[in-house]
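In the working numbering, the protein residues as written are -11 to 96. Reading through the structure tokens given below for one structure.
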């Protein structure tokens, strides 16, 4: 009951209390639900690394989890950039097709 009251007080002040790898943090932000989702994601990543790593040093685990998250981010950026290239090429081809169709309408 005390934890619930404390969470209500921290959320009312614009701060959200989260737990990441059994450590409590008070974070500020405009969207408490989003902050909770971020904290859950980071916690999940650290716990996954902890299961695979031979270290129990929480700083090392956090760095390894951060590297995994950064890897995910960069892979998504590459996919996004590649999809932009595909969109640009498709737009160029659509323009060329429009020109050909316009010419065939004028000729026919």
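Cβ coordinates follow ideal geometry from the N, Cα and C atoms, glycine included.
When the options are compared against residue i, the one with the closest alpha-carbon
i, options, result
"residue 2", "23, 10 and 8", "23"
"residue 55", "34, 43 and 19", "34"
"residue 47", "27, 86, 71 and 11", "11"
Supposed contact pair residue j and residue i - C-beta distance, whole angstroms, cut 8 Å
i, j, result
"residue 30", "residue 53", "7 Å"
Buried versus exposed, by CB contacts within 10 Å (16 or more), residue i
i, result
"residue 67", "exposed"
"residue 8", "buried"
"residue 49", "buried"
"residue 6", "buried"
"residue -1", "A caution first: residue -1 carries a pLDDT of 49, below 50, which makes its placement in the model too unreliable to give a value."
"residue 4", "buried"
"residue 37", "buried"
"residue -3", "With a pLDDT of 44 at residue -3, under the threshold of 50, the predicted position of this residue should be treated as unreliable, though the coordinate-derived value follows. Counting Cβ neighbours within 10 Å, residue -3 comes out exposed, since fewer than 16 surround it."
"residue 90", "exposed"
Strand pairing of residue i, partner residues [DSSP]
i, result
"residue 7", "12"
Inset, instruction - At 3 residues or longer, and completely inside the segment 27 to 54: list those beta strand (DSSP E) runs for me, N to C. - result: No beta strand (DSSP E) of 3 residues or more sits fully in the segment 27 to 54.
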